[in-house]
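Below you'll find the structure, written out as structure tokens, and then a few comments.
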Amino acid sequence: QQLQQPQQLQQPQRWQNQPKAETLASVLQAVRPDWTGKDLLAVQDKLLKVSIRSSDELFRQLQAEGVSSLNSRLKAAGQKCLKVETLEALREYGSRTATVPVDGA
Numbered sequence: 030q031q032l033q034q035p036q037q038l039q040q041p042q043r044w045q046n047q048p049k050a051e052t053l054a055s056v057l058q059a060v061r062p063d064w065t066g067k068d069l070l071a072v073q074d075k076l077l078k079v080s081i082r083s084s085d086e087l088f089r090q091l092q093a094e095g096v097s098s099l100n101s102r103l104k105a106a107g108q109k110c111l112k113v114e115t116l117e118a119l120r121e122y123g124s125r126t127a128t129v130p131v132d133g134a
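Quick note, my numbering runs 29 ahead of the 1-based positions in the sequence shown.
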């Protein structure tokens with residue numbers, strides 16, 4: 030009896046040709062071009078302390094719970110809050126760049 034080779038899994042058509050998710054650093058830099066490399070690292074470290082490791086996690090948090098919720102989590106973690114204007118700009122950036130399936134599903 031011959032063993033059948035497993036079929037190769039392919040991504041559904043609707044997810045093909047999607048841009049790769051932007052890194053957290055590139056998103057922060059896009060929203061705050063005035064930040065230095067040191068500033069970017071400090072903010073990434075701050076976000077890591079509240080379990081935000083990627084731009085997708087940041088966007089989800091901002092969309093689901095809002096700006097004040099994220100600042101409350103930062104404060105509870107012993108971190109300085111981010112400016113409301115910065116967080117609102119990040120939320121707006123995330124909503125503009127959200128990936129949508131090609132077939133609209």
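Backbone N, C-alpha and C define an ideal beta-carbon position, used for all residues, glycine too.
Query: Taking C-alpha atoms, which residue in A106, Y122, L99, G123 lies nearest to K112?; Result: L99
Query: Using only the heavy atoms of the ligand COA, determine whether one of them is closer than 6 angstroms to the beta carbon of R89.; Result: Although the ligand COA was asked about, the structure shown includes no ligands whatsoever.
Query: Can you give the Cα-Cα distance for L87 and D63, rounded to whole angstroms?; Result: 20 angstroms
Query: Buried or exposed for Q90, going by 16 or more other Cβ atoms inside 10 Å?; Result: buried
Query: Along the chain, where does the alpha helix (DSSP H) that runs through L77 open and close?; Result: 66-77
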